[in-house]
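To get our numbering, take the position in the sequence shown, counting from 1, and add 1273. Backbone N, C-alpha and C define an ideal beta-carbon position, used for all residues, glycine too. Everything below concerns the one structure shown next.
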Amino acid sequence: MYLRSMANRSIAQFRKKLNDITSEVNNQKLYVGAASAVGRKVAKRIFQDGISSDGGPITPAYSTKPINISADASPRASAAGKYEGGYGQFKRAIGRGGNVNLFLFGFFNRAYLASVINPTVRTIAQGINIGIGINYSTQNPREKVDGLLSRYEDAFKYSQSERELAIEKNREVFRKLWR
């Protein structure tokens, strides 16, 4: 389909179009819409719904090991104290339910959303690599970010519908390129 429009062009015109497309592919702005559409869907699934990429709850469940929560470690100072039922009990006490949703103050959620609107794009031998990365900060130190991404790795994988959306959004980009 894409090459059909090129069928009546000369080899020189075809080469010029390929060079133009290569320049556009290296223009990261082209992929912002595709990356953010999928990223917003992933963020909602993880941070609001607490659903893993396979459609089940995010696992592993919150710890049940007793924990002390200080006032500055809780979005509600009144929730500070000792929780014999662990972090899961604390999350239920502040009204965030017992399912894992990786949302407490919203720092990690906001950092994730910021990363999907600023993807890095590289051309590689197999095609195009669109990468997102959460920046470390005072609110999201390396240990926290790396620990959450490692512990809940399956949650951050694309679900089947997210993969389909990513493919469709990237097809739209390529259709625009081959016009």
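- Arg-1395 sits in a strand when the DSSP states are folded into three classes.
- Distance from Gly-1371 to Gly-1361 at the Cβ level is roughly 6 Å; contact confirmed, criterion being Cβ atoms closer than 8 Å.
- 9 Å or more divides the Cβ of Asn-1402 from the Cβ of Gly-1323.
- Of the residues assessed, Leu-1291 falls on the exposed side of the cut-off, its CB having fewer than 16 other CB atoms within 10 angstroms.
- By the Cβ criterion, the segment 1424-1433 is in contact with the segment 1311-1328, since at least three pairs of Cβ atoms, one from each stretch, lie closer than 8 Å.
- Remark: C-beta atoms of Ile-1397 and Ala-1308 do not approach each other more closely than 9 Å.
- Contact holds between the segment 1380-1389 and the segment 1411-1418, because three or more Cβ pairs, one in each stretch, are under 8 Å apart.
- Residue environment: Ile-1390 is assigned as exposed (fewer than 16 neighbouring CB atoms within 10 Å of its CB, all protein chains considered).
- In this structure, Ile-1342 and Gly-1354 form a Cβ contact; the two beta carbons are roughly 6 Å apart against a cut-off of 8 Å.
- By the Cβ-count criterion, Phe-1287 is exposed, with fewer than 16 other Cβ atoms from all chains shown falling within 10 Å of its own Cβ.
- Look at Gly-1354 here: in three-state DSSP terms it is strand.
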